[in-house]
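In order, the protein sequences belong to chains A and B.
Take 53 as the starting number for the first sequence in my numbering and just add one per residue.
Take 1214 as the starting number for the second sequence in my numbering and just add one per residue.
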Amino acid sequence: MASSSSKDGRLCSSTLPAERNNRHAKGKKASSDYSKTSTVLAHLLPNGLGFLGFTLLPLLASLVLSFFSWPVLGQHKFIGLDNYIRLFTKDPVFFSVFLNTFYFVVGYVPLNLIFAVGIAVWLNSNIRGGKIFRLIFFLPVFTPMVANALVWRLLLTPHGVLDYVLALFHVPSPNWLGSEHLAMPAMILMSTWQGFGYNMLVFSAGLRSIPPPLYEAAAIDGAKPWTRFWKITLPMLTPSIFFGTVMTFITSFQVFVQPYVLTAGGPGVSTTTVVYYLYNNGF
Amino acid sequence: MKIDHASTRGLGPFVSQTGMILLAALWLFPFLWMLSTALKPNAEVFQFPPRLFGSSVEWSNFPAAWNFVPFGRFMFNGLLVSVIGTLLVLFTSILSAYAFARLHFWRREQLFLIYLGTLMIPQEVTVVPLFLLMKSIGWVNTYQALILPLAFTAFGTFLLRQFFLSIPRDFEEAARIDGATRWQILWNVIVPMAKPAIAVLALFTFIGYWNNFLWPLIVGNTREMATVPVGLNLFNGQHGTEWNYMMAASTISILPTAILTVTLQKYIIEGISISGFGGR
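(1) Label F335(A) either buried or exposed according to how many other C-beta atoms from any shown protein chain fall within 10 Å of its C-beta, with 16 as the threshold for buried.
(2) Can you find at least 3 beta carbon pairs, one from the region 1369-1376 of chain B and one from the region 1304-1319 of chain B, that sit closer than 8 Å?
(3) How would you list, in chain order, the residues of chain D whose beta-carbon sits under 8 Å from the beta-carbon of I188(A)?
(4) Please list, in chain order, the chain A residues whose beta carbon lies closer than 7 Å to that of Y1311(B).
(5) Using a Cβ cut-off of 8 Å (strictly closer), state whether S1229(B) contacts chain A.
(6) Starting from N332(A), trace the alpha helix (DSSP H) both ways and give me its first and last residue.
(7) Taking E1271(B) as the reference, give the member of L1427(B), P1263(B), T1250(B), H1317(B) with the closest Cα.
(8) Run through DSSP, which three-state label would S1268(B) get?
(9) Assuming the contact rule is C-beta atoms closer than 8 Å, F147(A) and F140(A) should be a hit. Round their C-beta distance to whole Å, please.
(10) DSSP on S225(A), reduced to helix/strand/coil?
(11) Taking the alpha carbon of A199(A) as the reference point, which residue from N1424(B), Q1323(B), D1383(B) has its own alpha carbon closest?
(12) Does any residue of chain B have a CB that is nearer than 8 Å to the CB of N73(A)?
(13) To the nearest whole angstrom, what separates the beta carbons of Q306(A) and S243(A), a pair I think is in contact under 8 Å?
(14) Can you find a C-beta in chain B that's less than 8 Å from the C-beta of V327(A)?
(15) Please list, in chain order, the chain B residues whose beta carbon lies closer than 8 Å to that of R180(A).
(16) Run through the DSSP bridge pairs and tell me what K129(A) is partnered with.
(17) Quick one: is V1475(B) near chain A, going by C-beta distance under 8 Å?
(18) Hey, T1435(B) and S114(A) are a contact pair by Cβ (cut 8 Å); roughly how many whole angstroms apart?
(19) At the 8 Å Cβ level, is Q1478(B) part of the contact set with chain A, yes or no?
(20) Anything in chain A within Cβ reach of W1246(B), meaning under 8 Å, just list it in chain order.
(21) Taking any Cβ of chain A, which residues in the region 1385-1412 of chain B have a Cβ under 7 Å from it, in chain order?
(22) Relative to chain A, which residues along the region 1337-1366 of chain B have a C-beta separation below 9 Å, given in chain order?
(23) Go ahead and label W1240(B) buried or exposed: buried means 16 or more other beta carbons lie within 10 angstroms of its beta carbon, across all protein chains shown.
(24) List the whole-angstrom C-beta distance separating L165(A) from I293(A), where the pair is believed to meet the contact cut-off of C-beta under 8 Å.
(25) Could you check what DSSP says for D143(A) in three-state terms: helix, strand or coil?
(26) Does L1447(B) come out as helix, strand or coil in the three-state DSSP assignment?
(27) Assign K1408(B) to buried or exposed, taking buried as 16 or more other Cβ atoms, counted over all protein chains shown, within 10 Å of its Cβ.
(28) Does the beta-carbon of Y312(A) have 16 or more other beta-carbons within 10 angstroms, so that it is buried, or is it exposed?
(29) Are the region 202-215 of chain A and the region 226-234 of chain A in contact at 8 Å, needing three or more beta carbon pairs?
(30) Just to make sure I have the definition right: I need the residues of chain B whose C-beta is within less than 8 Å of the C-beta of S114(A). Which are they?
(31) Against chain B, with Cβ distances strictly below 8 Å, would G100(A) count as a contact?
(32) Mark Q1260(B) as exposed unless 16 or more other C-beta atoms lie within 10 angstroms of its C-beta, in which case mark it buried.
(33) Using a cut-off of 7 Å between C-beta atoms, extract the partners of S1463(B) located in chain A.
(34) Between the Cα of V1404(B) and those of I1380(B), V1294(B), L1427(B), spot the shortest distance and give me the residue it belongs to.
(35) Buried or exposed: V1443(B), going by 16 or more other Cβ atoms within 10 Å of its Cβ?
(36) For G1285(B), report the span of its alpha helix (DSSP H) as first-last.
Encoded structure:
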């Protein structure tokens, strides 16, 4: 968000003075420069009302409901922070659900970013057919996740393809989705396959805007490729990486399809994430 | 990470190119396996060692999967919801993006930043009250419930505002001198010039609607109202053992978005650059 908001700041500050010169050269007070209220409302309301009704209202309701005891039948009662306290201390499952989600995020976000940066940089070198490769890597981002997850369930199943490949290398193959210890790593792996392409595109756009003379100068000074990566590429990509990290964090806390399709939250509750838990308990 | 090795001489470029081809093949493999399983006789799905081709190529799995569950209905629902949802997002986003780009009102910049910040609200916070709301107004298992709650986000406003700001004002001034109203200027001058950005928003929105799972699962989990991912899940519940049919259904379900992605990839990449989401 930081990179985009700084961009906004730049755009606004560069357009506003020009507007003032154009339209308000008479030096009137700011408030009289406003457009007609009815015009403003006519443009803002279609989107704004929908946003109020379908996002802001539920958001506030969520907050308010959380301070009440709200059974389907019977009295609603204000109970302060009791729901929160009970969730973390009395609910036998929620704490593990919280930890599982955290585990997923901590595993998935770095893996996603490393892949995204690595492959974006790799594709930016002298690879032929870069466009086709880029397409292949971001295709799973845009295909329905349910379908993606279903085929992975097939790949990971005992006596499936992964078993076979591991057997070729004489590696004993565990039951990935049936093991409390391996189900989550398998989910992280599948999610990385599916999701890193978006960040890769973001970083590719970032890479293209690094001025080539920087690299040429570094090469003349005798900087090795590895040094150039650490001293030029990575620092210049930092705004994109920051943005990618924030967005990936937000979306990965919402992980739902993968546990739903791959493991049904199991074995036990080992892959039950917050949204999956919410779905199971709320609906 | 093997970075920049391609720029060194000798074997480097060859190794790098080959490595990339292998990695890309690995990335495509799940899709290949989906198709391969979709074309196998059911008895051979779990054959060990696994084979890419079964003893026969069963094209008939596709019509069979299509008819096992009302897949045509799912496709129709998905298309209806995605098209109407996309049109709605385009209409409301064009208006509010114009307001934030060209109109002047109290605390415009601050309001815009707050609105942008709401992109960070995770779905799970609003989903339960939203469902209660749908229930209380009797919208569960209706098209409006599948469409409306997802149609008003800050993303479209943000994307289009960025683009509108880059359009020179001279065009509008010229139209205004010719006596055009604000409304005419927006739809006859600005919108045609913003076509690339609008195409990008349409593409992202359509794919978002088509692929969405959690919300349709909650408000449209019946054979009549299911969109494609939910229908695929119904399939999964009913015919969990018929993996060849399930993979045929999966293949059908990824085709529309896969085709859109392949044919319009230029716009996807452009969209990521326009929105500034790609840094500078």
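Backbone N, C-alpha and C fix where the C-beta goes; we use that ideal spot for every residue, glycine too.
In this structure, then:
(1) By one-based count along the first sequence, residue 335(A) stands at place 283. It counts as exposed.
(2) yes
(3) Among the protein chains of the structure shown, namely A and B, there is no chain D.
(4) The sequence position of residue 1311(B) within the second sequence is 98, counting from 1. The answer, in chain order, is H95.
(5) The residue you call residue 1229(B) lines up with position 16 of the second sequence. So, interface residue.
(6) For the purposes of this step, residue 332(A) is taken as the residue at position 280 of the first sequence. Here the alpha helix (DSSP H) through N332(A) covers 326-334.
(7) Counting from one through the second sequence, the residue named residue 1271(B) turns up at place 58. The shortest Cα separation from E1271(B) among L1427(B), P1263(B), T1250(B), H1317(B) belongs to T1250(B).
(8) Here residue 1268(B) is taken as the residue at index 55 of the second sequence, counted from 1. Of the three classes helix, strand and coil, the one that applies to S1268(B) here is coil, per DSSP.
(9) Position 95 of the first sequence, counting from 1, holds the residue named residue 147(A). Position 88 of the first sequence, counting from 1, holds the residue named residue 140(A). Yes, they are in contact, since the Cβ atoms of F147(A) and F140(A) sit about 6 Å apart, within 8 Å.
(10) For the purposes of this step, residue 225(A) is identified with residue 173 of the first sequence, where counting begins at 1. Coil.
(11) For the purposes of this step, residue 199(A) is taken as the residue at position 147 of the first sequence. Answer by Cα proximity: N1424(B).
(12) Counted from its first residue, the first sequence places residue 73(A) at position 21. At N73(A) the pLDDT is 45, less than 50, meaning the model places this residue with poor confidence and gives no usable figure here.
(13) Here residue 306(A) is taken as the residue at index 254 of the first sequence, counted from 1. Here residue 243(A) is taken as the residue at index 191 of the first sequence, counted from 1. That belief does not hold up - the Cβ atoms of Q306(A) and S243(A) are roughly 12 Å apart, past 8 Å.
(14) In the first sequence, counting from the first residue as 1, residue 327(A) sits at position 275. V327(A) counts as touching chain B.
(15) Working through the first sequence from its first residue, we reach residue 180(A) at position 128. Within chain B, the residues near R180(A) are Q1230.
(16) Taking the first residue of the first sequence as position 1, residue 129(A) is located at position 77. BP columns for K129(A) point to S121(A).
(17) In the second sequence, the residue the question calls residue 1475(B) occupies position 262. It does: the Cβ of V1475(B) has a partner Cβ on chain A nearer than 8 Å.
(18) Locating residue 1435(B) in the second sequence gives position 222, counting from the first residue. Locating residue 114(A) in the first sequence gives position 62, counting from the first residue. That pair is no contact at about 26 Å.
(19) Indexing the second sequence from 1 puts residue 1478(B) at position 265. Judged by the 8 Å Cβ criterion, Q1478(B) is in contact with chain A.
(20) Taking the first residue of the second sequence as 1, we reach residue 1246(B) at position 33. The answer, in chain order, is V203, L206, L207, V213.
(21) R1395
(22) E1337, V1338, T1339, V1340, V1341, P1342, L1343, F1344, L1345, L1346, L1361, P1362, L1363, A1364, F1365, T1366
(23) For this step, residue 1240(B) is matched to residue 27 along the second sequence. It is buried - the Cβ of W1240(B) has at least 16 other Cβ atoms within 10 Å.
(24) Position 113 of the first sequence holds residue 165(A). Position 241 of the first sequence holds residue 293(A). About 7 Å separates the two Cβ atoms, so the contact holds.
(25) Residue numbering aside, residue 143(A) sits at position 91 when the first sequence is read from its first letter. Three-state result, D143(A): coil.
(26) Indexing the second sequence from 1 puts residue 1447(B) at position 234. In this structure, L1447(B) counts as helix in the three-state DSSP scheme.
(27) Working through the second sequence from its first residue, we reach residue 1408(B) at position 195. Exposed, by the Cβ-count rule.
(28) Taking the first residue of the first sequence as position 1, residue 312(A) is located at position 260. Classification for Y312(A): buried.
(29) yes
(30) Here residue 114(A) refers to the residue found at position 62 of the first sequence. Those are V1338, T1339, V1341, P1342, listed as they occur along chain B.
(31) For this step, residue 100(A) is matched to residue 48 along the first sequence. Taking Cβ atoms only, chain B reaches closer than 8 Å to G100(A), which makes this a yes.
(32) Indexing the second sequence from 1 puts residue 1260(B) at position 47. Flag for Q1260(B) reads exposed.
(33) Start at 1 with the first residue of the second sequence, and residue 1463(B) comes out as number 250. Residues of chain A passing the Cβ test: A199, L202, V203.
(34) Here residue 1404(B) refers to the residue found at position 191 of the second sequence. When each option's Cα is compared against that of V1404(B), the closest is I1380(B).
(35) Counting from one through the second sequence, the residue named residue 1443(B) turns up at place 230. Looking at its Cβ environment, which holds 16 or more other Cβ atoms inside 10 Å, V1443(B) is buried.
(36) Translated into positions along the second sequence, residue 1285(B) becomes position 72. Run containing G1285(B): 1284-1315, per the alpha helix (DSSP H) assignment.
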